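Working notes, beginning with the structure itself.
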Amino acid sequence: MSTSGSAAEPVIEIRNLTKVYRDFWGRRKVRAVNSLSLDVKKGEVFGLLGPNGSGKTTTIKMLLGLLFPTEGEISILGRPATDVAKNERIGYLPEESYLYRFLTAEETLDFYGRLFDMPASVRKERTEKLLSLVKITHARKRQLKEYSKGMTRRIGLAQALINDPDLVLLDEPTSGLDPLGNRDMKDLILQLKEQGKTVLMCSHLLADVQDVCDRIAILYGGELKVLGRVDELLKSRDETQILTSKLSDDAINEVRAVLQKHGASLNQIDHPTSNLEDLFLKTVQESVERPGHRVIMDDTTRSRGA
Amino acid sequence: MNRLSSQQRKFAYLAGILVLLVPIILLGMPSDGRPGSGGYLAQLRSEYDLGESDLGQVDPSSASMNLVLLGLRGVAANLLWMDLEYYKDRKDWAQMRATTESIIRLQPHYAKVWEYNGWNLAFNTSAEWDAVPDRYYWVKEGGKFLARGVERNNDATNLYYHAGRIHQQKVGQSDEKKYFREYYFADPDPKFGGTNDPEFNTDNIDNFLMGKKWFYAANDSELRRKQNIQDRTIFRSSPARAQFDYAAARQEDGKFDDETREAWAEALSDWTVKYGQEVFTIPWDNGQVDIRMEMTPEEIRQATTSEADAAKLARAVDAYQKMTNYRYWRTRGLSEAEQVTSDAHREFYLAGEEYKQQNLNAALKLVSSSMEKFEQVLKKYPELRDEDRMVEECMLAVMLFENIHRLNGERLPDEFPLKDLADEKGGLREQIEDQFKRRFLAG
Amino acid sequence: MDFEPTPYNIPLGFLYWLIVTGFGTIVVLVVTLLALLITRGTKGFGDFLNLLSSAALDIVQISPRRVGAITRLTFLEAIRRRALLVFVVFAILFMFAGWFLSGGTLVPDFQVKLYVSFVLRAIAWLVLPVALLLSCWGIPEDIKQRSLHTVVTKPVRRLEVVLGRMLGFGLINTLVLLVMAVAGYVWLQQQIDEKARPELTCRRPVFGQLTFLDREGKPAATGINVGDIWEYRSYIEGATRARAIWKFAGIDESALNKDGELILENRFSAFRSHKGQMGRSLLYQLVFVNPETGLRVGTQLRQVAEFRGRTDAIPRTLPKAGEAIGGKITEEAGETVDLINDLVSPSGELVVEAVCIDPGQYMGMARPDLFIRTPDGSFLAGYAKSILGLAMMVLLIVFLGVAASTFLKGPVATLLTFCLVLVGMTAREFMMTIVSGRFEGGGPIESVYRIVLHMNPTQELPTGIAFQSMHLMDLAIRQFVWLIFQIIPNFDYFNMAPYLANGFDVSFNASVLPSIAVTLAFFLPCLLLGYFCLRVRELEAK
């Protein structure tokens, strides 16, 4: 079923992760993530999907040690989430680029380079490389407060890659980018994958995810609803879709007869529009109708609980 | 509210703001200077003379201080007053002086603040210093301070009076008066080059005359705004009293020239004409009545309708005359205007000078002559027998007389002028002894 | 100088520091352990150990480059954002300082005193808000803007973040302080009259030990009180056997100036019980006594220069004059003594007695009121020391502010730090009286009881369990205040204006050293507290 996934070692292991936000008095307010378990394997591009408030960002923040789990375990690159040493091999692009707006692009990259304890020469080299990679060499001397949103995203990505990380966490990587920038970003993610890096991205822009992700998980209300390879998830198990060239009515009748012979019925003849968006909407709708239902098309992650 | 569109809501807010503005404008609109202009508060302010510019010169720095403190002026002033007391206790005069300045920046129109601090500088701080020039420096500080207070508060009658007191009383009548009166013309601070400090002795005149000037200003101001220091009748006598002090001080300095005599004459006229003819309104039955200190029985009769009322008014005038010591000062003025009194003073003064030069015979002759003349004066003006200064001088003369006899190894004659007075006031001897020593025995 | 500089006891201070810091650390650790045990059960204990070991690791693995990066960032942030505005305020304040100081008419030594303390106070109060706002808002703002997210997802230890912030804010504030100091110095040089210039100096006094003899000539610890509220000076009566006796140690020829004179400066004060001679100040005589041979040599009579101080140059060769009796000095004709050889004991001791000459009058003195004035230091050096003191203060405020901002939001952290500073500057004396229990009306609860019942403080309280427990509670409150008292820094040490304004060099032992010690003492606890708080909190702005 999976070609590369099952054999590879997991880079991120999440077990039974739960996060409850409490109010000032310690009363439970929101259960943002509920018993989430999943693995991200080395070398894959993994997409975390879900509507706003589904717990994607909370999960990422727990992975990075910005938030502490209420329950459950996280292992990231073989270390606990609160261990700072893991950050050596991680690159993180936050939801909006939370950078220092009074620094120039150059200074920004240099600053984050210093945080990796890189010597000056390495910093300089990486800075040059990344500036041209994200195509903002022309604006290198300008303070970030003068940047457009797209440019800020680019410099954000550049800082995430300053340490040549093994694992890249991207929170809404394409938000705020124009179609051209969007394309660039996706290319870049695929490029990263080619370099053997693991990428975990979360997004609600489904087309992006569909284009670049190997596997996805869909979260709703803090719970895992769908997990699996993108191509398989989009394959419906009790439906077969046949895509042909334009058929005449006779031909259709013939097909219908053949199907009848095999005990199947022709439900719909349609132009195929099925894509991740359908899956997503379906999942969301189902979650409302059938709480607790879960589709796991993945043999590497044992799913526990309802 | 939901039914209104956003634009309608905005108009509603605007209308609300305008409605609220109306009372604010009515209350708070500033005055353009004409009477009756401006909002209600501005009118009240001008009615009660509370506007900054109504009070006197406006100090831009204190106005801006108030702005900077954002309404915390009271708190700041409170802290500063605590500082002031602390520095005073710690005898940190530099900081205390600076704190005084800060306080009046915050409370520039609070007359009591000026009064307290002026007093504190001229009296308390001055007394803490040992060297007389230093003391004088602080007396000046107090005097200048009060003068500034008057500039800021033109109607603060009390301040004029207290400023006058520093020149008249602190400079002229304190223990250090001998030095202070000298310094008044020749400041010990080398920066004045042996002349007066033009900020303190502004007119380069005697301190008592300066005091008199301040007291006149106080009297002028008193017509506009009441003082609350003492009864009006006493308060308004202060310029004339300062003139008396001036004349007496000239004698004490050994100046017996025409100027001194003129000073006495002026004192007498200040007292009996300027002050004596001044009209005071006193309570009378259920109403009021006007009196003058210098009221003849005839005038009293004219002012009343019945014999009984006339007698009653006469008693009232008499009571006020007693309270202000009116008749005594009139007598003093009359007596001092006479040649014999002037001679008595002069001869006694010269006797002292001879005595200090060890010319005992000359001294004895002079002092005997002066005693005779004092006796004549006392006979003519018996009220003077109860006047401290006169009694003091007579007693000093007697003691000088006795002392010369003792030094000459002679017996005191059984009878000599002023003997009855000396016997009568024997109880004062011990007190006057000190003064005698200081005046005649110390270098 | 109207105070006694007390040398700082470094070992004792260190001991106190160890006790308080150790105690604080233990409290924090115990509370953390309990909190973890309660929230996470037995697993909490393991987490606690993990926390400890990772903390140890963080401390060991501090990287100067990372700390430097945060420091640099902080510095750039301040420069590029807002801190410079304060210079404008400072400039305006100096421009209008004339309003607040009525300088022209002041006697010269007043001018120096006022201006120097004004400049130092102005600098302190102007740099205070900068330090407060910068240090208290930095980290909360960083959290709020989520820019800290990007930082802590790099391999930066939170210890390094706190340390870097502290250093960065410290650096920028020191810079602001330095600029102000230079402006203040220039202003001083311009404002002070030519005549007053000589008072801009740094006396280097050698103080002695002071004892007294009472009017009968019996030794006494102090003189008499003439009714001053301020009990700093005590007085000796004139024309009696009362003496103020200073013992100077380690005196040899090096104490003389280049003309071979011993410069003795005094700040005696005068108190008259009667007018006496108005024309001159009170007279005093200094009598030199050789503590070994008992040789006594008196100087000429001199007049007290109250509140100004006067300098007496004592020539090395003195006429062998005796003590004044009845205001006259007996002199042995032609005979002289040598100040160093005849009057200083072989062990280097010199005894100087001060005598008040005028009968019935009093002369007041405290220990620092008579000293040997060795050659003065330059004013600039003393000024620099005062600025160093302010720098230490600013650093301390930064440490406190940064530590507070790791667990509080900006405004609250600012308030907390400001309160600490204000209490440390003004209320220590008051707290001291509470801690000592030496005040009328008992502890807080007792006081409330007395106030409500309109009870006189001297009135005895009834006995009974209720009152015993009341006293116990008051005692507990007192102990609590003691603890707070120990934690609140003593800002007095940073204020070196009293030295400089009075024309004295800043004492190293009594002022410079303790100011550095206090700041250092707070550095480590603040750093660890900040690290701990940042470590255990979630960085999500809510």
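Residue numbers (the working numbering), protein chains in the order written: chain R, 1 to 306; chain E, 1001 to 1443; chain D, 2001 to 2542.
Built from N, CA and C at the ideal position, the CB exists for glycine as well.
In this text, all values refer to a predicted model and were calculated from it rather than measured experimentally.
- The beta-bridge partner set that DSSP reports for leucine 200 of chain R consists of R/Phe46 and R/Leu169.
- DSSP places glutamate 1115 of chain E within a helical segment (H, G or I) once states are collapsed to three.
- Between leucine 2395 of chain D and threonine 2519 of chain D, the CB-CB gap stays under 8 Å.
- Using a 10 angstroms sphere on the CB of serine 2281 of chain D, the tally of other CB atoms reaches 16 or more, which defines it as buried.
- In terms of Cα proximity to tyrosine 2531 of chain D, the closest of D/Thr2071, D/Pro2005, D/Asn2456 and D/Arg2165 is D/Arg2165.
- In the DSSP annotation of this structure, the continuous segment of the beta strand (DSSP E) that includes glutamate 71 of chain R starts and ends at 71–76.
- In this model, arginine 1261 of chain E and glutamate 1336 of chain E are separated by some 8 Å (Cα to Cα).
- Looking at the backbone, the Cα of methionine 2425 of chain D and that of glutamate 2265 of chain D are separated by about 31 Å.
- Between phenylalanine 1416 of chain E and valine 1367 of chain E, the C-beta gap is not smaller than 8 Å, which leaves the two residues out of contact.
- Judged by beta-carbon spacing, arginine 1152 of chain E lies beyond the 8 Å limit of leucine 1106 of chain E, meaning their Cβ atoms are not closer than that value.
- Under the DSSP assignment, isoleucine 2026 of chain D falls outside any beta strand (DSSP E), being part of the alpha helix (DSSP H) whose first and last residues are 2010–2040.
- The C-alpha of glycine 91 of chain R lies about 24 Å from the C-alpha of leucine 2163 of chain D.
- Just measuring C-alpha positions, the residue of D/Pro2155, D/Thr2414 and D/Glu2253 sitting nearest alanine 2131 of chain D is D/Thr2414.
- Neighbours of glycine 2348 of chain D in chain R, taken as residues at a C-beta separation under 9 Å, are lacking, since the least C-beta distance is about 58 Å.
- For glutamate 1176 of chain E, the nearest CB of chain D lies under 8 Å from its own CB, placing it at the interface with that chain.
- Chain order gives the chain R residues near arginine 2065 of chain D as Arg114 and Asp117, where near means a beta carbon separation below 7 Å.
- The beta carbon of lysine 2328 of chain D sits no closer than 8 Å to any beta carbon of chain E.
- The continuous beta strand (DSSP E) containing proline 10 of chain R extends over residues 10–22.
- Put simply, of E/Val1398, E/Pro1133, E/Gln1357 and E/Ser1238 the residue whose alpha carbon is nearest the alpha carbon of glycine 1194 of chain E is E/Pro1133.
- Here tryptophan 2246 of chain D is buried, its C-beta having at least 16 other C-beta atoms within 10 Å.
- Think of a sphere of 9 Å around the beta carbon of aspartate 2002 of chain D: the chain E residues whose beta carbon falls inside it are Arg1090, Lys1091 and Asp1092, in chain order.
- Every beta strand (DSSP E) stretch that sits fully inside the region 2250–2287 of chain D and reaches 3 residues is listed by chain position as 2261–2266 and 2269–2272.
- Interface criterion met: the Cβ of glutamate 2306 of chain D is under 8 Å from a Cβ in chain E.
- Of the other Cβ atoms in all chains shown, fewer than 16 fall within 10 Å of the Cβ of alanine 1015 of chain E; this residue is therefore exposed.
- Assigned with DSSP and collapsed to three states, phenylalanine 1145 of chain E falls in helix.
- At least one C-beta of chain E is nearer than 8 Å to the C-beta of lysine 2275 of chain D.
- The C-alpha of glutamate 232 of chain R lies about 24 Å from the C-alpha of leucine 188 of chain R.
- Straight through space, the alpha carbons of isoleucine 2488 of chain D and glycine 2382 of chain D are spaced by roughly 27 Å.
- Residues of chain E whose Cβ lies closer than 8 Å to the Cβ of phenylalanine 2110 of chain D are, in chain order, Trp1093, Ala1094 and Arg1097.
- Linking leucine 161 of chain R to lysine 86 of chain R through their CA atoms gives a straight-line distance of about 15 Å.
- For the set R/Val45, R/Glu125, R/Arg183 and R/Leu180, the Cα lying nearest the Cα of asparagine 163 of chain R is the one of R/Glu125.
- Secondary structure at valine 2067 of chain D: helix, using DSSP grouped into helix, strand and coil.
- Note on proline 2375 of chain D: under 16 other CB atoms within 10 angstroms of its CB, so exposed under the neighbour-count rule.
- Cβ-Cβ separation between valine 2206 of chain D and phenylalanine 2379 of chain D: approximately 20 Å, too far for a contact (criterion under 8 Å).
- In the DSSP assignment, alanine 251 of chain R falls within the unbroken alpha helix (DSSP H) covering 249–261.
- Under a criterion of Cβ atoms nearer than 7 Å, the residues of chain D adjacent to tryptophan 1129 of chain E are, in order, Glu2306 and Phe2307.
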